[in-house]
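In this note's numbering, the protein residues as written are 5 to 293. What follows is a set of notes on a single structure, which appears directly below.
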């Protein structure tokens with residue numbers, strides 16, 4: 005069959021079923037937009053969890069009158085522990101400066117002396133920033149008599165470990181739900197359009213038109229709706245992400261916007277959704293008919 009015939013039939017279908025075409029295009033746009041938002045939230049959730057993990061470190065508090073030689077010895081001992089990336093000494097005066105920066109108040113305005121102890125800030129390699137591994141390191145540190153206390157952001161790590169597993173499961177579940185729901189909704193919308201053209205299809209079958217001849221214009225229509233719908237979704241997504249980027253980006257966290265490659269993938273995804281939904285619907289209709 006001449007390709008120009010398919011194109012003419014495709015254009016005729018678009019003109020005779022405008023409301024169904026618009027409905028299907030909107031459904032695809034919403035599906036692709038939802039997928040884009042979901043992926044953006046997933047990317048930034050993972051990024052936020054990594055940011056929290058990166059800030060996790062161990063504070064080992066020392067006795068007030070510890071000698072420089074002992075500090076050097078303890079530092080060398082800690083560096084030999086597996087997983088330790090770096091060790092930095094924080095004096096009592098430096099601790100007071102950090103307190104003033106974080107709380108906006110001089111510690112000596114509250115107390116008549118500096119009660120903050122000297123400490124060692126211990127940074128770990130990422131793979132060691134888990135509760136189990138840090139607890140083992142903490143156990144090693146507490147064996148030293150010059151170390152009075154060992155603390156770390158245990159609650160933050162609990163949040164990371166709990167939510168990381170949940171996030172993976174949620175991401176996979178939502179992706180499957182969005183994909184199959186989209187195909188179902190698009191298929192139903194296109195099926196209504198096909199039913200509306202039932203008489204035309206029956207006439208084509210009576211004059212000897214093959215299934216391919218009947219099917220191809222509908223598949224082209226599904227592709228067109230998917231392409232236009234996904235383009236609309238990408239435009240709306242860019243507006244949505246632009247708002248979030250300007251609102252929620254700060255010095256601590258930069259809101260990530262998905263790149264051009266992913267936007268192209270969204271357009272391809274929407275086009276495939278439209279094509280697949282249309283192909284399944286017309287195939288089912290022709291079988292029933």
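Glycine is no exception: its CB is placed at the ideal position from the N, C-alpha and C atoms. Model, not experiment: these values are computed from the prediction.
DSSP state of residue 120 mapped onto helix, strand, coil: coil
Please go through the same chain and pick out, in chain order, the residues whose beta-carbon is closer than 8 Å to the beta-carbon of residue 135, but skip the five residues on each side of it. 158, 161, 162 and 165
Does the region 272-283 touch the region 28-38, meaning 3 or more C-beta pairs lie closer than 8 Å? yes
According to DSSP, residue 125 sits in a beta bridge with which residue or residues? 63 and 92
With contact counted as at least three CB pairs below 8 Å, one residue from each stretch, are the region 36-46 and the region 89-101 in contact? no
Hey, how far is the Cα of residue 84 from the Cα of residue 144? 11 Å
Just to check my reading of the structure: residue 141 and residue 62 have Cβ atoms closer than 8 Å, yes? What is that Cβ distance to the nearest angstrom? 7 Å
Distance, Cα to Cα, residue 66 vs residue 151? 5 Å
Whole-angstrom distance between residue 231 and residue 272, CA atom to CA atom: 7 Å
Can you name the residues that DSSP bridges to residue 153? 65
Of all the beta strand (DSSP E) runs that stay within the bounds of the region 148-230, which reach a length of 3 or more residues? 151-156
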